[in-house]
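Input: a single structure, listed below in structure tokens.
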Amino acid sequence: STDEPVGEAGLPQRLQRTPIHATYVDECQDMTMAEIRLIAVTSADANGLFLTGDTAQTIARGLAFRFQDVGSLFHHEHLRSGGKLCGKPRQI
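Here's what the structure looks like:
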């Protein structure tokens, strides 16, 4: 419903009460940054996300996917939320 309370991530509060603890995404090069952000903000911790893809195999038209953009998205989300929304990602 459009009257549903919205939380600090801009998502309905019911989605924020049920965090996802681990998410594995293959072929993420065919996703938009909005789709990746949705996965990030519904995750309990950014360190529980595992994204893989090959930018040379993009099949979605109109997407200019770059892994640098994903890193930037997580950085800005971390700053915006004060570190509450998604924790600081670890690098492997």
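Under the numbering used here, think of the first position of the sequence shown as 24, with each following residue one higher. Using N, Cα and C, we set each Cβ at its ideal position, and we do this for glycine too. Small disclaimer: the values here were computed from a predicted structure and weren't measured.
Buried or exposed by the 16-neighbour rule on C-beta atoms within 10 Å, applied to residue i
i	result
R60	buried
C-alpha distance - residue i paired with residue j, whole-angstrom precision
i	j	result
D53	D77	9 angstroms
P35	E27	6 angstroms
H44	T81	27 angstroms
A87	T46	23 angstroms
S66	G85	27 angstroms
T102	V29	As written in the sequence, residue 102 is Leu, which differs from the Thr given in the question. One C-alpha to the other measures close to 20 angstroms.
F90	A57	14 angstroms
G94	T55	14 angstroms
C51	G105	26 angstroms
Contact check, residue i vs residue j, beta carbons under 8 angstroms
i	j	result
A83	L72	no
D92	T75	no
F97	A79	no
Residue ranges of each alpha helix (DSSP H) run of no fewer than 4 residues wholly in the segment 37-94, ordered along the chain? 56-64
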